[in-house]
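Enquirer: Using our numbering, the final residue of the sequence shown is 528, and nothing's skipped along the way. Where a beta carbon is used, it is the ideal one built from N, C-alpha and C, also for glycine. All figures in this text were calculated on a predicted structure; none of them were measured in a lab.
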Amino acid sequence: MEFDRLESPVADEFVTIIGSSADLLSDKDAEEEGQSQDEARIQISYAHERAASYIADFLATRQDIIRATPCYEALRCFGRAFRFPAAANYHRSFPTDTIQEFWSHSWHGSTLRKICTVMVRKNGLAAISAGTLASLLLVCLFVAGYLPGYERAPYPYVFGIWGMVGGTLVAIVTLIGWQCRTPVFVDVMCIHQSDPGLKAEALLSMGAFLQSSESLHVWWDETFVERLWCVFELGAYLGSCKLSDSGRAKRLTVTPTMLGTSSIATFFSLFVAQLSYMVSPFGNLLLGWVIFSVLFLAGGHFGVRSLRNYFTAVESMLVQLRNFRIRDAKCQCCTEGHAEDGSNPYCDREIINLCICKWFGDESAFEKLVATDVSAALARALGDSSFSYQWLLMVSAPFHWGHMDQVAARLRAGDMEAAAVSAIITLTYSFLAFPFIGRLGIILACKARCQRQQLWANELVTFAVFIAGFPVAGAILATQSLLLRVMNPLAGAIIFAAINLIFLIVLLRQCSRMSLLSQDVVDIPA
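(1) Apart from the five residues on each side of it in sequence, which residues of its chain come closer than 6 Å, Cβ to Cβ, to valine 220?
(2) Using a 10 Å radius around the Cβ and a threshold of 16 neighbouring Cβ atoms, would you call aspartate 364 buried or exposed?
(3) Looking at the unbroken beta strand (DSSP E) that takes in tryptophan 105, where does it start and where does it end?
(4) Keeping to the same chain, check which residues put their C-beta closer than 6 Å to that of alanine 495; ignore five residues upstream and five downstream.
(5) Please state if the CB of aspartate 223 and the CB of glycine 111 are separated by a distance shorter than 8 Å.
(6) Just to confirm, are phenylalanine 436 and leucine 394 a CB contact at a threshold of 8 Å?
(7) Does the segment 188 to 196 come close enough to the segment 67 to 86 that 3 or more CB-CB pairs lie under 8 Å?
(8) Please report the distance separating the alpha-carbon of alanine 450 from that of lysine 201.
(9) Ignore the nearest five residues each way along the sequence and tell me which others in leucine 510's own chain have a CB closer than 6 Å to its CB.
(10) Are the CB atoms of alanine 76 and isoleucine 68 nearer to each other than 8 Å?
(11) Below 8 Å, how does it come out for the segment 358 to 372 and the segment 410 to 418: are there three or more Cβ pairs, yes or no?
(12) Residue ranges of each alpha helix (DSSP H) run of no fewer than 4 residues wholly in the segment 415 to 446, ordered along the chain?
(13) Pick out whichever of Arg329, Thr314 and Ser95 has its Cα sitting closest to the Cα of glutamine 453.
(14) Do three or more CB pairs link the segment 454 to 465 to the segment 432 to 446 at distances below 8 Å?
(15) Excluding the five sequence neighbours on either side, which residues of its own chain have a C-beta within less than 6 Å of the C-beta of tryptophan 403, listed in chain order?
(16) Residue ranges of each alpha helix (DSSP H) run of no fewer than 4 residues wholly in the segment 119 to 205, ordered along the chain?
(17) May I ask you to report which of helix, strand or coil DSSP gives arginine 229?
(18) Cutting at 8 Å between CB atoms, please list the residues of its own chain near threonine 481, excluding the five before and the five after it.
(19) Where do the ends of the beta strand (DSSP E) carrying serine 217 lie?
(20) Thinking phenylalanine 60 and serine 215 are a contact (beta carbons under 8 Å), I'd like their distance in whole angstroms, please.
(21) Taking the straight line between their C-alpha atoms, what separation do you get for glycine 151 and tryptophan 291?
(22) Tell me whether the beta-carbon of arginine 253 lies closer than 8 Å to the beta-carbon of tyrosine 74.
(23) Name the residue from Ala470, Glu228, Ile354 and Pro97 whose alpha carbon lies nearest to the alpha carbon of isoleucine 444.
(24) Compute the beta-carbon to beta-carbon distance between phenylalanine 465 and histidine 303, rounded to the nearest angstrom, for a pair I have assumed lies under 8 Å.
(25) What is the C-beta distance between phenylalanine 80 and isoleucine 178, in whole angstroms, given that I count them as a contact (C-beta under 8 Å)?
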């Protein structure tokens, strides 16, 4: 959140609220005739200290100033609250004692990336679940003969793409329209944007907002640590965790806004790759392989590029953290300049610095905490947790749905043995082989994340990372083909699944002992 972008309260409103809530300087004192400049500076400094003390003690001007909004309200109309922050959304929030998630973000980064990332994080699992159910329903209708299909040489079956296409469409609609009801704090919805008094009260109660939050979710972009209010929210939350005596466990979650676009790009890349395989005319072998190869390479290249861009963004974030200094953060009131006539002498920076000092002793202690503990923890989380086994299953959903269509083709023809073999192969690729290949690809994309200056060189590196997975994929396909030919197909499919299970377990155990970025963060110069 960032109030300086959202027209923070003017000085007289700010002092009015402080005076009514914290018993600060009276208007009579402020308006005394003949007050000297030194006395005025002392008065302003005193106001800064009292305001900082009020915020740092996590006090609220009144209980009903603490508000939250359902997550789906923030995402309504494709994140309208983020796209049009000046719109009236206060009525969509409600008073509460507890906020499940406090959303902290910068208003100077990419709005589209932020909206996509929030949707993927909050609606992604529901979208894939709904898509899978829709895919199963359409596959059953296809097997029963209610949906048409097409012949595909050289196979003797009637095929359909209903499961893959239908599942993808339902997943997209659910991703955009799912109503996640998690109570969250979103600045433009929980703080009145047109009532100066309510807005100023919320500013004074910001410590209480964070104290009432069970978790802080930072939607991170390259501008986050450059904004003073974003830094303040991080410091306030860490301070509330440090000073809290409630006994409640609190969580800090950081999600780079590149994650959403990377996930969506990978999802659609696999959709294109699977679709190209399903519709390519392999009756004409040369034409079929040309069409499949072009679409597959284009989709795969785009997916790998998005992963490299993600790790580049994460590395940039870690560099920012290792070199973090409060004095470098930008404050809107200082950037625009304080009025020379003294109409607005109060400075957000002064108040925030005083709060940080009260929570952590001094600014350097907070800077050290961010540069070391927070940075190292985030390196582990963002390098590994962002691309978990569950994430791999979710982004590869079109791949699974496409293979369900292939099983359905054999069931429709009444070839039960071939359907059973195809089902085992499908489950093997969906839950074992693809996560294995995907994890290797993620490791390679992370190690090759350094961006080249020349476009052709950068694209060449991306293509090299993509091609590097071909030997592994080729070995898996060769193993499948060999086992199905030299023994009973059903037994061969089971052995093929067992081999892939062993490989995946070994890889995941090895990955659990290492972190993609934990060592790299040590090597980043401070």
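Expert: Let's see:
(1) For valine 220, the CB contacts under 6 Å within the same chain, skipping 5 residues up- and downstream, are Ser106 and Val256 in chain order.
(2) Burial call: exposed.
(3) Taken as a continuous stretch (DSSP letters only), the beta strand (DSSP E) holding tryptophan 105 covers 103 to 107.
(4) Val423, Ile426 and Ile427
(5) Their beta carbons are under 8 Å apart, which means glycine 111 touches aspartate 223 by this criterion.
(6) yes
(7) yes
(8) 46 Å
(9) none
(10) no
(11) Because the criterion of three Cβ pairs below 8 Å is not met, the segment 358 to 372 and the segment 410 to 418 do not touch.
(12) 418 to 430
(13) Thr314
(14) no
(15) Around tryptophan 403: Ser137, Gly165, Met166 and Gly169.
(16) 164 to 179 and 189 to 192
(17) strand
(18) Phe498 and Ile501
(19) Counting along the chain, the beta strand (DSSP E) containing serine 217 begins and ends at 217 to 222.
(20) Actually they are not in contact, since the Cβ atoms of phenylalanine 60 and serine 215 sit about 11 Å apart, beyond 8 Å.
(21) Across the structure, glycine 151 and tryptophan 291 are spaced so that their CA atoms are roughly 22 Å apart.
(22) no
(23) If we check each option's Cα against that of isoleucine 444, Ala470 comes out closest.
(24) 6 Å
(25) 6 Å
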